[in-house]
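Residue numbers (UniProt numbering): 1 to 587.
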Amino acid sequence: MKEGVKMRKPDSGTRIVRDSESSSKASKADENSGQDSGPAIHLENIEANHPPRTNRATRSPSDNSNNNMKTDGEGSDKIELTEEDCWDQLGYSFTTYKKWLILSVIFMVQVSMNLNTSLYSNGIDGIVEEFGVSAQGARAGAMIFLVCYAFGCEIWAPWSEELGRKPVLQASLLLVNIFQLPVAIAPNFATILVGRALGGISSAGGSVTLGMIADMWEADDQQYAVAFVVFSSVGGSVVGPVVGGFVEAYLPWRWNIWIQLIFGVAVQILHLVLVPETRSTIMMDKIAKNTRKSGLNPNVYGPNELTPFRERFSMKETLILFGRPYKMFLTEPIVLTLSLLSGFSDALIFMFIQSFALVYKQWGFSTIEVGFSFIPILIGYFIAWFAFIPAIKRNIKQRTNKPNDEHAQFESRLWFLLYTAPCLPIGLIGFAWTSTGPPLHWIGSSVFGAIVGIANYSIYMATIDYMICAYGPYAASATGGNGWARDFLAGVLTIPATPFFKNMSPDPSRSLAYASTILACISFVLVIAVYVIYWNGPALRKRSPFAQQLSDAKAEHKGGHRGRTDTGSNLEGIELGAKRCVLQVSR
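Given below as structure tokens:
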């Protein structure tokens, strides 16, 4: 389950060469193939720099456990291909156009998965009418999808590291689309709940899409890509009610599900056609196979070819892997507080989905107009996304100018959040007292809704970026806890949202105001954590066994080279000397 982390970029422009005997063989192979064999790989350097290793199957008990030689049944040496040997053929070396084409498709994939979480709610009235369940009961379909989505993301991520991003994401999309069918043609409400649960658990979500960013971008360049994918994640949730307003007004409720299926199938086809495999270890396996097939070097093997699948994915290691995000969520103060803040801000959007009809029908809004009331939140996301661009530039400059300053390398990533996080309580308190209906104009509540949108995007982006860097090899687990909190809290708060907004006071308008005021007070407490971590982050990280292991590893590798820390399950690349932090949600 080990992966070579990103190494020094090798010299380019050379051809695969073994020795004088095989050079002519390689030339003949090139002539016969009739095409260029791709970027250079110095196989003689592979042999010199990466001594062969002994196959576990043939190793005797007397063998030294540190022996790095692998042999097959005939005794030939097996040499492991590493990233620096074929850098120019990996995702890091894709052209800028190709990277952003891939990311654009991933953007659509993420929108599709988040659309599934919200569009269902516009079918609640139809479900109530057809199956005779209560509105609260019908909302269970929205809740169960989100809760299962939270666990599904954690389940799918490790498989994408072992089997590749593309097949795993294709499998996820296929299953989600298949499980839309029983919901769309459900003869009873129980079928809807089962279909929604299976669809949620089948959703890979950001656990895989964020991993693809790590496959293609180096540390100092990936923040822009992360910001783009984060926008697709939060944006997809509010596109649902906008589209759903039209569906609810003009079509039967089942069309909310058919639209999810149609869009999901279209996105899956786009992904199948336009997105290649990006996972480095999978690409290296393919490169090694092609090298052996061409006859250039029959002894070169990819990292996954040298270790049996069962050894890479033992039951013990699997349990450790799946349990670590929850362990970090419960035991790491930084992960817990930032994840609760991020989860709460996301849960607000899904509470709004259930309650906006109560707010805007005071002004006589139609179903379509209630859907349009989510556009200000989407505008808030746009504003925050564009505002992060200069903030990222500033952060990169600060890290470059102060390479040995811990605060500059880590906590500076939260700097922009110091100004945008307060938008959450401000937006909520403003929304509370402008949502009381006429004679106030509805535009006031919409403006404050946009401010909440700015906060939601900023919190997700900044907390993800900070935890990626602060937890290095444990970044996958730390960000996994963040993502789990967002989906899980959004799910469990979907059911009580409507009663909460309706029953806080006998006066309906006052009830809406009181409910949002309570949420503003909760958000105020959570936002304080951002300032505590920004100013006291180094001290908090020193108390963390996970972050401390990363710090110790850096102390041992002051030479500026990249190193590898074996965590027992997750392995994330880290450049130790330059203190770069790489999002490698990998195994």
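Where a beta carbon is used, it is the ideal one built from N, C-alpha and C, also for glycine.
Computed from a predicted structure; not experimentally measured.
- With contacts defined by Cβ atoms closer than 8 Å, A485 and S339 form a contacting pair.
- Measuring C-alpha to C-alpha distances from W258 to each of W415, Y120 and L424 identifies Y120 as the nearest.
- Scanning its chain for C-beta atoms nearer than 6 Å, with the 5 sequence neighbours on each side dropped, one finds around Y360 the residues V370 and S373, in chain order.
- DSSP, read as helix, strand or coil, puts I185 in coil.
- The closest CA to that of I269, considering only G245, L174 and T281, is found on L174.
- In this structure, the beta-carbon distance from I334 to S544 falls below 8 Å.
- Within its own chain, the residues whose Cβ lies closer than 7 Å to the Cβ of I383, once the five positions on either side in sequence are excluded, are I454, listed in chain order.
- Counting only runs that start and end inside the stretch 70 to 152, the alpha helix (DSSP H) elements of at least 4 residues fall at 96 to 118, 124 to 131 and 135 to 138.
- Restricted to the stretch 495 to 550, the alpha helix (DSSP H) segments that are unbroken, complete and at least 4 residues in length are 508 to 542, listed in chain order.
- Boundaries cannot be given for G364, as no alpha helix (DSSP H) includes it and DSSP labels it neither H nor E.
- As a beta-bridge residue in DSSP terms, V300 pairs with I79.
- The C-beta distance from L348 to L512 rounds to 14 Å, too long to meet the 8 Å contact threshold.
- If you draw a straight line from the Cα of Q398 to the Cα of T463, it is about 18 Å long.
- The DSSP assignment places 222 to 250 as complete runs of the alpha helix (DSSP H) inside the stretch 209 to 272, in order along the chain (cut-off: 4 residues).
- Looking at F416, S104, I459 and I426, the one whose alpha-carbon comes closest to that of T479 is I459.
- Here K542 is exposed. Its C-beta has fewer than 16 other C-beta atoms within 10 Å.
- Between F246 and I375, the CB-CB gap reaches or exceeds 8 Å.
- The Cβ atoms of S207 and A171 do not sit closer than 8 Å to each other.
- For G430, same chain residues with a beta-carbon under 6 Å away, outside a window of 5 residues either side, are F448 in chain order.
- M315 is classed as exposed because its beta carbon has fewer than 16 other beta carbons within 10 Å across all chains shown.
- Between the stretch 97 to 108 and the stretch 219 to 229, the count of Cβ pairs shorter than 8 Å is three or higher; the stretches touch.
- With 16 or more other Cβ atoms inside 10 Å of its own Cβ, V275 counts as buried.
- DSSP places D465 in the uninterrupted alpha helix (DSSP H) bounded by I443 to Y471.
- M467 and N114 have their C-alpha atoms roughly 23 Å apart.
- Close CB contacts of P252 within its chain, under the 8 Å cut and outside five residues either way in sequence, are with G126 (chain order).
- The three-state reading of DSSP puts V359 in helix, counting H, G and I together.
- The stretch 87 to 102 makes contact with the stretch 210 to 217; the number of CB pairs closer than 8 Å reaches 3 or more.
- At least 8 Å separates the beta-carbon of L193 from that of G236.
- Y224 is the residue among Y224, G427, A408 and R510 whose C-alpha sits nearest the C-alpha of L210.
- Inter-residue distance for V111 and G295 is about 45 Å (C-alpha atoms, whole angstroms).
- In the three-state DSSP reduction, V275 falls in the coil class, being neither helix nor strand.
- Taking 8 Å as the cut-off, the Cβ atoms of F388 and M461 count as close.
- Apart from sequence neighbours up to five positions away, the residues of its chain that approach V267 with a beta-carbon distance below 6 Å are M108, V109 and S112, ordered along the chain.
- Under the three-state reduction of DSSP, N177 is assigned to helix.
- Taking all protein chains shown into account, I443 has fewer than 16 neighbouring C-beta atoms within 10 Å of its C-beta and is therefore exposed.
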